[in-house]
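Visitor: Heads up, the sequence shown is in my numbering, so the first residue is 4 and it goes up one at a time. Built from N, CA and C at the ideal position, the CB exists for glycine as well.
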Amino acid sequence: MSEPLAPVRVAVTAAVACVLIALSGLVIGVDLAVLALAAFAAAGAVARVVTPMGRAFAVRRRAIDVAVLAFLAIGLAFLGFTTPLA
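1) With DSSP run on the structure shown, which of helix, strand or coil describes Arg-12?
2) Is it the case that the Cβ atoms of Ala-41 and Ile-24 are separated by a distance below 8 Å?
3) Return yes when the C-beta of Ala-48 is under 7 Å from any heavy atom of the ligand SAM, and no when it is not.
4) Just curious, the alpha helix (DSSP H) that Arg-64 is in, first and last residue?
5) Go through its chain and collect everything with a Cβ distance to Gly-1's Cβ below 7 Å, but skip five positions before and after it.
6) Counting only the same chain and skipping the five closest in sequence on each side, list residues whose C-beta sits under 6 Å from that of Ala-44.
7) Thinking Ala-46 and Val-69 are a contact (beta carbons under 8 Å), I'd like their distance in whole angstroms, please.
8) Is Arg-65 closer than 8 Å to Arg-51 when the C-beta atoms are compared?
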């Protein structure tokens, strides 16, 4: 247990937030939940850019993480705005 627990806390918090946003789609509507997931992905991309290297929950290089999260955010936002889910 010599490893820091910060990455584990970040991973668990992100997973719980994604599940809560997905479940909120049942209450507030799927289109708003998709937009909330897009905002969450965009916030993750921004957080990955500004977080110092030692404290970041890194899976790959920073550029790859940011690009994947940004494309996910753009794709989800596009689907949230254009797909009729009502």
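Guide: The short version:
1) In the sequence shown, counting from the first residue as 1, residue 12 sits at position 9. Three-state DSSP puts Arg-12 in a helix.
2) For the purposes of this step, residue 41 is taken as the residue at position 38 of the sequence shown. For the purposes of this step, residue 24 is taken as the residue at position 21 of the sequence shown. The answer is no: Cβ separation not under 8 Å.
3) Of ligands this structure carries none, so the ligand SAM is not represented either.
4) Translated into the one-based positions of the sequence shown, residue 64 becomes position 61. Segment: none, Arg-64 is in no alpha helix (DSSP H) and carries neither H nor E.
5) The requested residue 1 is not part of the displayed model; the chain covers only 4 to 89.
6) What you label residue 44 is simply residue 41 of the sequence shown in a count that begins at 1. Counting only Cβ-Cβ distances below 6 Å, and skipping sequence neighbours, we find Leu-72, Leu-75, Ala-76.
7) By 1-based counting over the sequence shown, the position of residue 46 is 43. By 1-based counting over the sequence shown, the position of residue 69 is 66. Not a contact, Cβ separation roughly 12 Å.
8) Your numbering for residue 51 matches position 48 in the sequence shown. Your numbering for residue 65 matches position 62 in the sequence shown. The answer is yes: Cβ separation under 8 Å.
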